[in-house]
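Visitor: Residue numbers (our numbering): 38 to 240. The structure is given below, and queries will be raised subsequently.
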């Protein structure tokens, strides 16, 4: 943002940083529907003409007021031009995409451009809400289908339960003796079917 203002002020650009900060902090931002300074402090920022240090004696005449106002306007124009240029680059790659409930792993629409996805249990630490710009509509492909694992049934009609993940831990006291418990997610079961087992039995 500052790059667009450096050329105008040339060698003295660092002296105008407070004006650039003032212009940016008091410019309307569509994402928050107000200026950043007002969002932070609940009021508009005071004019740069009040920024003189204590003890300074300086006459603030019409000429100084006019010059300061012109500089702030110039900085605002440069910041807006830079913002418009960045938006134009982004708009070239942006597409208006909408998804519907039931699109493979899509759960629900959270906002205008945010969607909640159903992730694999191994990805439970990842936040499940994503911006539309990083999502791609899925095209059905038979090669993407994973074959279901066959459940081996024993002659006594039992099958071996295999643990997939520990969902939670707890300690239960029985006869003054602490017993560590783990809530286990089993293969071929969903999270609602997970149940508690003694931690020692899982080793």
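In this text, a Cβ means the ideal position worked out from N, Cα and C, and glycines have one as well.
(1) According to DSSP, what are the bridge partners of residue 57?
(2) Opposite residue 209 in the DSSP bridges: which residues?
(3) Any idea if residue 151 is buried or exposed, counting beta-carbon neighbours within 10 angstroms, 16 or more meaning buried?
(4) Buried or exposed, going by whether 16 or more other CB atoms sit within 10 Å of the CB of residue 206?
(5) Compare the Cα-Cα distances from residue 204 to each of 158, 147, 110 and report the closest residue.
(6) Please classify residue 112 as buried or exposed, where buried requires at least 16 neighbouring CB atoms within 10 angstroms.
(7) What first and last residue would you give for the alpha helix (DSSP H) that runs through residue 75?
(8) On the CB-based measure, 16 or more other CB atoms within 10 Å of its CB, does residue 81 come out buried or exposed?
(9) Specify the secondary structure class of residue 30 as computed by DSSP and reduced to three states.
(10) Give a yes or no on whether the C-beta atoms belonging to residue 154 and residue 167 are separated by under 9 Å.
Guide: On the basis of the supplied data:
(1) Answer by DSSP bridge pairing: none, since residue 57 is not bridged.
(2) 216
(3) Here residue 151 is exposed: its Cβ has fewer than 16 other Cβ atoms, across all protein chains shown, within 10 Å.
(4) Residue 206 sits exposed, since fewer than 16 C-beta atoms from the chains shown fall within 10 Å of its C-beta.
(5) In terms of Cα proximity to residue 204, the closest of 158, 147, 110 is 158.
(6) buried
(7) 73-78
(8) exposed
(9) As shown, the chain starts at 38 and ends at 240. That puts residue 30 outside it, with no answer to give.
(10) Their beta carbons are under 9 Å apart, which means residue 154 touches residue 167 by this criterion.
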